[in-house]
Each structure stands twice: as structure tokens, then as C-alpha cells.
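**Q** Sending over a structure as C-alpha cells; questions will come in a sec.
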Amino acid sequence: KAGVTQTPRYLIKTRGQQVTLSCSPISGHRSVSWYQQTPGQGLQFLFEYFSETQRNKGNFPGRFSGRQFSNSRSEMNVSTLELGDSALYLCASSLAGGPSEQFFGPGTRLTVL
Amino acid sequence: KNEVEQSPQNLTAQEGEFITINCSYSVGISALHWLQQHPGGGIVSLFMLSSGKKKHGRLIATINIQEKHSSLHITASHPRDSAVYICAARETSGSRLTFGEGTQLTVNP
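Chains as they are written, first to last, in my numbering: chain W, 126 to 238; chain P, 2 to 110.
In C-alpha cells, the structure reads:
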């Protein structure tokens with residue numbers, strides 16, 4: 126069974142631009158969660174989607190948004206990029222969300238110049 | 002004070018040593034996760050615990066719900082165990098994970 130895939134793996138943008146990251150969960154998994162990892166803040170929860178609905182959201186500004194499609198694939202969007210948005214963005218999928226094991230993708234490394 | 006705290010932050014061991022990494026949390030949880038992250042960023046889920054103890058190969062994870070504390074043990078450590086180990090608490094109030102800062106483990110041959 127294929128693992129969680131994320132595209133693109135690397136991305137360079139400039140301040141003010143917007144970016145869309147994609148995550149394809151493991152087949153059959155209906156929950157996708159997104160996380161941001163930076164050297165200063167560590168891993169932080171962005172949001173979780175289950176069956177196309179956002180179930181939970183972390184403490185991030187409205188510039189960070191996401192969605193989930195009927196095939197469980199998910200995208201996250203960051204608008205008006207800031208230097209501080211440079212990070213590794215990870216998604217993880219699980220069968221049902223909640224207290225179930227999460228399987229992480231390789232991440233998208235975003236650099237904002 | 003962080004809601005999830007790990008100790009130590011850095012740990013260096015000799016091959017074969019028994020290793021313990023500790024995690025304390027202050028929130029109510031439905032589960033506690035232990036994750037492993039290698040250089041390059043890939044994260045692997047090692048354990049998900051809600052009570053008691055779990056074992057997988059040389060890895061053992063325990064949790065004490067009353068004391069809000071969990072430990073990850075590695076027996077007979079090996080250089081390939083070198084990685085960052087992260088504990089994460091899944092809060093009972095929702096589905097979000099709150100992460101510890103991670104423990105950088107280096108096992109020397």
C-alpha cells in the first residue's frame with residue numbers, strides 16, 4: 126500500500142506570494158492533518174480534515190487555510206507569505222481521525238525569500 | 002510552561018546502552034504518541050498509548066495516566082537509533098496533537 130505523498134517536496138517563494146501544498150493520504154484513510162515544523166517553534170498543529178470537513182484548527186492566522194476533497198486528498202494554502210512561514214509542512218493521514226495512529230508524509234520544505 | 006515537556010533535550014549514548022526519554026504533559030489526553038524523526042524530516046509513528054505499556058522490538062513505551070507521564074525506552078541501543086524522538090499528546094477536547102520539543106539522540110559505535 127502506498128504511503129502518504131506530498132507535493133511538491135521543495136518550494137521557494139517570495140514574500141507576498143501565495144502557495145498551495147498537496148497531500149494524498151493512504152488509500153482508505155479519511156482523516157488528514159497538517160503540521161508546521163520550524164527550528165524555533167518545533168511541530169505545531171495546523172488543522173485536521175475528516176470527510177471533507179475541518180474538525181479542528183490550530184492557532185494560526187487566517188492566511189493559512191485548507192480543504193479536503195471527496196477522494197480524501199487535501200490541500201493547504203498560505204496567502205501573503207511572510208519570511209516566518211519558511212518551514213517544513215507535514216501532513217499525516219489516519220483511518221478515522223481522533224485517537225488513531227497517524228502516518229506521516231515526507232513533508233514539503235517551503236522557503237520564503 | 003509548555004503543555005508537553007520532554008527530557009532530556011539531547012542525549013548521547015554508547016552502542017548497547019539502555020536509553021530512557023521522558024515526556025510529561027499537563028493536558029487531558031485521549032492518547033500519547035511517540036514519533037521518530039530522522040535527518041531529512043521524515044517522521045515515523047512508533048507508538049500510540051492510552052494506558053499501560055507497549056513493546057516493539059527493542060523499543061518500549063509506558064504511560065502513567067495519573068502522573069501524566071510517559072517514557073520511551075530503547076534497549077541495546079544502536080547507531081541507527083540516532084534520531085529525534087518526539088512525544089505528542091492528543092487532547093481529549095479535540096483531535097489536535099500538541100508536541101514536545103523533541104529529544105536528539107546520538108548513539109556512538
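Just so you know, even glycine gets a beta-carbon here, dropped at the ideal spot from N, CA and C.
1) Going by C-alpha distance, which of P:46, P:21, P:23 and P:31 is nearest residue 37 of chain P?
2) Does the Cβ-Cβ distance between residue 107 of chain P and residue 13 of chain P come in under 8 Å?
3) Considering only C-alpha positions, which residue in the set W:151, W:170 and W:166 is nearest to residue 91 of chain P?
4) Keeping to the same chain, check which residues put their C-beta closer than 7 Å to that of residue 25 of chain P; ignore five residues upstream and five downstream.
5) Give me the DSSP bridge partner(s) of residue 205 of chain W.
6) Under 8 Å: do the region 197 to 215 of chain W and the region 140 to 152 of chain W share three or more Cβ pairs, one atom per stretch?
7) Could you check if residue 166 of chain W is buried or exposed, using at least 16 other CB atoms within 10 Å of its CB as the buried criterion?
8) Tell me which residues of the region 31 to 45 of chain P have at least one Cβ-Cβ distance to chain W shorter than 9 Å, keeping chain order.
9) Which same chain residues, not among the five before or five after residue 229 of chain W, have their C-beta less than 7 Å away from its C-beta?
10) In the DSSP output, what is residue 200 of chain W paired with across the bridge?
11) Which residues does DSSP list as the beta-bridge partners of residue 12 of chain P?
12) So what does DSSP say about residue 81 of chain P, is it helix, strand or coil?
**A** In this structure, then:
1) P:46
2) yes
3) W:170
4) 6, 69 and 70
5) Paired residues: none, contrary to the question.
6) yes
7) With a 10 Å radius around the Cβ and a threshold of 16 neighbouring Cβ atoms, residue 166 of chain W comes out exposed.
8) So the close ones are 31, 32, 34, 36, 38, 41, 42, 43, 44 and 45.
9) Only 129, 215 and 217 meet the Cβ criterion.
10) W:147 and W:192
11) P:106
12) Helix.
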